[in-house]
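One structure below.
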Amino acid sequence: MNLPSQTTILHVSDTHLSPDFAASTEMWTAAVRYIEKTRPDLVIHTGDVVHDDPDSDRDHEFAAFQMRRLTAPWRIVPGNHDIGDSTPDPFRGLASAERLARFRRHFGPDRWSVAIGGWQLIGLNSLLFDNRLAAEEAEQWEWLEQRLLEADGRPIGLFMHKPPAINSLDEDLHVNKSIGVTSRRRLRALVVSGTLKLIGSGHLHEHVVLHSHGALLVGAPALGPVPAGTATWNLGLRCNGLVEYRLSGDTVRVRLLREADLASATPAGLRIIPSAYARACPPPRLPSIQRGASELADSCGRNRHMAENGTRIKAADNPMVYVILDGKRRALDEPSYVNIFSDWEGIDEVNVDDLEDGGAIQAGYIGSANGETYLVADSVKYRINGNATADRLHLKVGEPRMLSTEEFGALTDGAQLG
Ligand SMILES: [Fe+2]
Ligand SMILES: [Fe+2]
319 MNLPSQTTIL HVSDTHLSPD FAASTEMWTA AVRYIEKTRP DLVIHTGDVV
369 HDDPDSDRDH EFAAFQMRRL TAPWRIVPGN HDIGDSTPDP FRGLASAERL
419 ARFRRHFGPD RWSVAIGGWQ LIGLNSLLFD NRLAAEEAEQ WEWLEQRLLE
469 ADGRPIGLFM HKPPAINSLD EDLHVNKSIG VTSRRRLRAL VVSGTLKLIG
519 SGHLHEHVVL HSHGALLVGA PALGPVPAGT ATWNLGLRCN GLVEYRLSGD
569 TVRVRLLREA DLASATPAGL RIIPSAYARA CPPPRLPSIQ RGASELADSC
619 GRNRHMAENG TRIKAADNPM VYVILDGKRR ALDEPSYVNI FSDWEGIDEV
669 NVDDLEDGGA IQAGYIGSAN GETYLVADSV KYRINGNATA DRLHLKVGEP
719 RMLSTEEFGA LTDGAQLG
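So the sequence shown is numbered by my numbering: it starts at 319 and just counts up by one.
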């Protein structure tokens, strides 16, 4: 029997990342490895990506860097630790325009819509519901109505940080653990009309599955701290892990993956590698004499060294990653980065302003022609000198794009790598 084609979505939540809390980063790294190996179609993070303080630029920057390690497409919505809380009993204060701007600066839009696997998946900022940012909330409801119209009958899955309800979409509870009554009623109307099939959320740090008015309400467990003792309402299963959805037609299969499941899917021999970010200062590099090499100071402003062509660099206080090509720094967007590089390890933290800005790469990939492999940045090709160079520079040379004669002929030569 042939199984119908399936689209795999991984739902992660409550990673609570900070350079000061290694346990959260290790659990996140296990998820990154799992995602690297299983290659889901989309990863959705339902918030509390930041450890605790919504005003900590340092933690936001660290968490954004960690998200950029993902080798699969991803989307995120904010949690109360990312932009502030909603009533009642707001923890560390209410969501504010300044906090929302910080989140958007580090992670991009706080709401989004993705058509995938015959479904329309929509991310919402649940901290806007029944809160003080009334104009933002009204704009979001209007935006949602437009996205629902555009879905044109496709089943819709909604993802947000706070759960839509504790027990039922009919309840009148107003508690910190879920969204408020007014917004719950609006979502219930969409469920009752048959529009909404699935609502995924986080915040509880427990895995919960409910069925209400024909919709599936799924709470993802945390990848960060698991509550202990009697401090929680004991609504679901306390564990570290994530939720997998397999979409096929208008059905969805839901599977909980616990910590041990993530580890068992990790290829033998791979170990959890501490984030490159966690290094206070990178060790000095040995000088290398090469065309295109450039002199740099590290992020501590010392140890001036020669940076090699093809090296990835970033500033200590900014998640933007650059690759050095022809002696200049070239900014990489996420698609170009994952086309060219195999992982997010070993990125040098340096004073990026020491290097001339060569402009952002619009289209970057690894290409192959005539038995040679190249890093291609827009219209320039850089020959990669052997596997040792590819390994050292973390280049993803395993599945190069085969270049046609015309494509190859249109590329000019840059400095060789290695
Ligand atoms: Fe959380
Ligand atoms: Fe939360």
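Note that the Cβ used here is the ideal one computed from N, Cα and C, for glycine as well.
This one's a predicted model, so the numbers in the text were calculated from it and none came from an experiment.
Nonlocal neighbours in the same chain, by C-beta distance under 7 Å from residue i, ignoring five residues either side
{"i": "GLY682", "result": "LEU650, SER654, ASN657, ILE658, VAL694 and ALA695"}
{"i": "LEU704", "result": "Here the sequence assigns Gly to residue 704, which means Leu is not the residue at that position. Excluding sequence neighbours, GLY704 sits near GLY736."}
{"i": "ARG422", "result": "ASP428"}
{"i": "GLU562", "result": "THR326, LEU328, ARG573 and LEU575"}
{"i": "PRO396", "result": "GLY365, PHE421, ASP428, ASN443, LEU445 and HIS479"}
{"i": "ALA308", "result": "Residue 308 is absent from the structure shown; the chain starts at 319 and stops at 736."}
{"i": "ASP400", "result": "GLY365, ASP366, VAL367, VAL368, PRO372 and PHE421"}
{"i": "PHE380", "result": "LEU335, SER336, PRO337 and TYR595"}
{"i": "GLY554", "result": "LEU522, GLU524, HIS525, VAL526 and GLY537"}
{"i": "ILE702", "result": "THR691, TYR692, LEU693, ALA708, LEU713, VAL715, LEU735 and GLY736"}
{"i": "GLY677", "result": "ARG648"}
Environment of residue i [buried if 16+ CB atoms lie within 10 Å]
{"i": "GLY685", "result": "buried"}
{"i": "GLY587", "result": "Model confidence at GLY587 stands at a pLDDT of 32, short of 50, so the residue's coordinates are unreliable; what they give is reported in the following sentence. That one is exposed."}
{"i": "GLU524", "result": "buried"}
{"i": "SER697", "result": "exposed"}
{"i": "ASP709", "result": "exposed"}
{"i": "SER582", "result": "exposed"}
{"i": "ARG620", "result": "Only weak support exists for where ARG620 lies, its pLDDT of 46 falling under 50; the value from the coordinates is given anyway. Exposed, by the Cβ-count rule."}
{"i": "MET720", "result": "exposed"}
{"i": "VAL641", "result": "buried"}
{"i": "VAL527", "result": "exposed"}
{"i": "TRP551", "result": "exposed"}
{"i": "ALA538", "result": "buried"}
{"i": "THR723", "result": "exposed"}
{"i": "LYS515", "result": "buried"}
{"i": "ALA518", "result": "Reading off the sequence shown, one finds Gly at residue 518, where the question assumed Ala. Classification for GLY518: buried."}
{"i": "LEU467", "result": "exposed"}
{"i": "GLU667", "result": "buried"}
{"i": "ALA382", "result": "buried"}
{"i": "ASP377", "result": "buried"}
{"i": "ALA483", "result": "buried"}
Which residues DSSP lists as bridging residue i, in chain order
{"i": "VAL368", "result": "LEU335"}
{"i": "THR569", "result": "SER566"}
{"i": "PHE659", "result": "LEU713"}
{"i": "VAL271", "result": "The question about residue 271 has no answer, for the chain in this structure spans 319 to 736."}
{"i": "LEU693", "result": "ILE684 and TYR700"}
{"i": "ARG357", "result": "DSSP lists no partner for ARG357."}
{"i": "ALA583", "result": "Note: ALA583 sits in no beta bridge, so no partner."}
{"i": "ASP675", "result": "ARG647"}
{"i": "ARG556", "result": "Answer is none; ARG556 lacks a bridge partner."}
{"i": "MET720", "result": "SER686"}
{"i": "ILE665", "result": "ILE665 is not bridged to any residue."}
{"i": "VAL561", "result": "HIS329 and LEU574"}
{"i": "LEU735", "result": "ILE702"}
{"i": "ARG630", "result": "VAL641"}
Cβ-based neighbour list, residue i, same chain, cut-off 8 Å, excluding 5 preceding and 5 following
{"i": "HIS712", "result": "ARG630, PHE659, SER660, ASP661, GLU663 and GLY664"}
{"i": "LEU388", "result": "VAL350, ILE353 and VAL361"}
{"i": "GLY727", "result": "none"}
{"i": "LEU412", "result": "GLY402, ASP403, SER404, THR405, ASN449 and ARG450"}
{"i": "MET385", "result": "HIS363, VAL367, TRP392, ILE394 and PHE425"}
{"i": "GLY512", "result": "GLY532"}
{"i": "THR730", "result": "SER697, VAL698 and LYS699"}
{"i": "ILE590", "result": "Bear in mind that a pLDDT of 33 at ILE590, under 50, signals an unreliable position, so the number given afterwards is only what the model happens to contain. So the qualifying residues of the chain are GLU344, THR347, ALA348 and ARG351."}
{"i": "LEU534", "result": "LYS515, LEU516, ILE517, VAL527, LEU528, VAL570 and VAL572"}
{"i": "LEU580", "result": "ALA348, ALA349, ARG351, TYR352, GLY559 and LEU560"}
{"i": "THR500", "result": "PHE447 and ASP448"}
{"i": "ASN398", "result": "GLY365, ASP366, PRO372, SER404, PRO408, PHE409, ARG410, ALA413, LEU445, HIS479, LYS480 and HIS521"}
{"i": "SER342", "result": "THR333, HIS334, LEU335, SER336, HIS369, LEU541, GLY542 and PRO543"}
{"i": "ARG504", "result": "TRP459"}
{"i": "GLU577", "result": "MET345, ALA348, CYS557, ASN558 and GLY559"}
Cβ shell of residue i (< 6 Å), same chain only, five flanking positions each side left out
{"i": "THR326", "result": "PRO358, ASP359 and ARG564"}
{"i": "ARG738", "result": "The chain is shown from 319 up to 736; residue 738 falls before or after that span and cannot be answered."}
{"i": "ALA633", "result": "VAL670"}
{"i": "GLN438", "result": "ALA469, ARG472 and ILE474"}
{"i": "TRP430", "result": "ARG393 and GLY441"}
{"i": "VAL715", "result": "ILE684, THR691 and ALA708"}
{"i": "VAL432", "result": "LEU439"}
{"i": "GLU455", "result": "LEU446"}
{"i": "LEU418", "result": "ILE401"}
C-beta neighbour in chain B for residue i, strict 8 Å
{"i": "GLU344", "result": "Absent here is chain B; the protein component of the structure consists of one chain."}
Take every Cβ of the stretch 461-472, pair it with every Cβ of the stretch 363-374, and state whether three or more of those distances are shorter than 8 Å.
no
Can you check the stretch 466-552 for any alpha helix (DSSP H) of at least 4 residues that lies completely inside it and give the ranges in chain order?
499-510
Segment contact, 8 Å Cβ cut-off, at least three pairs: the stretch 464-472 with the stretch 485-496
no
Which ranges would you report for the alpha helix (DSSP H) in the stretch 370-429 if only whole runs of at least 4 residues count?
Correct list: 375-385, 398-401 and 415-425.
Could you name the residues, in chain order, whose CB is less than 5 Å away from a heavy atom belonging to ligand 3?
Absence of ligand 3 from the depicted structure is noted, with ligand 1 and ligand 2 being the only ligands included.
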